[in-house]
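Quick note on full-length UniProt numbering: the sequence shown kicks off at 1 and runs consecutively.
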Amino acid sequence: MDSKDLGAHLEEKLTLTDNTLPLQNEKNSGKDLLTPEDSAVSDLSHKSDTVSKTFSSRTEARPYSPGSTPGPCSSPQPKKDSMSSEQRQKLARERREERARYIAAKKAQWLEKEEKARQLRENQLEERRRRLEEQRMKAEKRRALLEEKQKQKLEKNKERYEAAIRRSTKKTWTEIRQQRWSWAGGLNQTSRR
């Protein structure tokens, strides 16, 4: 074959594949797009080359006629409502942001609850301390009053006791003196005799 013949033959193949490829590319456009969920991105590029080679060999074997419909052996059609990778990435980003906002709101609620619970505990402890202090002050006042009353009572009792002792001692000494005088008088009288 001549180089001109090769060029013409190649030109012919290209026109045939160009005629059939736009329809097939529209069908396969959803498959060739990468999604954020695809984990092996490097492997897909290698597979896409082999897919295009096998696809071109199929079109060479069976030329496309406008009246015929593709058979069941042709590639399956993608979903009609398939989204582009940018849309999927945008939706995934929005979901992540919404999830982050949700988590932030939950965390804020939790922190608010914790703060309220902490304040409630502090208020309860402060109230308890205040009540205990009041009780202590009341008990101290009561104790001081009781001590004062007991002191006054002891003072009164002491005064009464001392007064009673003074009265009893005075009485006894006078009686003793009278008795002494009477004894002395009686002795003096007998001695004079």
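Every residue gets a Cβ at the ideal spot worked out from N, C-alpha and C, and that includes glycine. Note that the structure is predicted; figures quoted are calculated from it, not measured.
Q119 and S84 have their alpha carbons spaced roughly 52 Å apart. Each residue's CA atom was taken as its position, placing E127 and E147 some 30 Å apart. Rounded to the nearest whole angstrom, the CA to CA distance from A108 to L132 is 36 Å. The three-state secondary structure of S3, taken from DSSP, is helix. Cα atoms of S168 and Q178: separation of roughly 15 Å, rounded to the nearest angstrom. Secondary structure of S85 (DSSP, three-state): helix. Rounded to whole angstroms, the separation of the alpha carbons of E114 and A100 is 21 Å. Pairing K170 with K151, the inter-Cα distance amounts to about 28 Å.
Between the C-alpha atoms of E94 and H9 there is a straight-line separation of about 52 Å. CA-CA distance, Q124 to R143, rounds to 28 Å.
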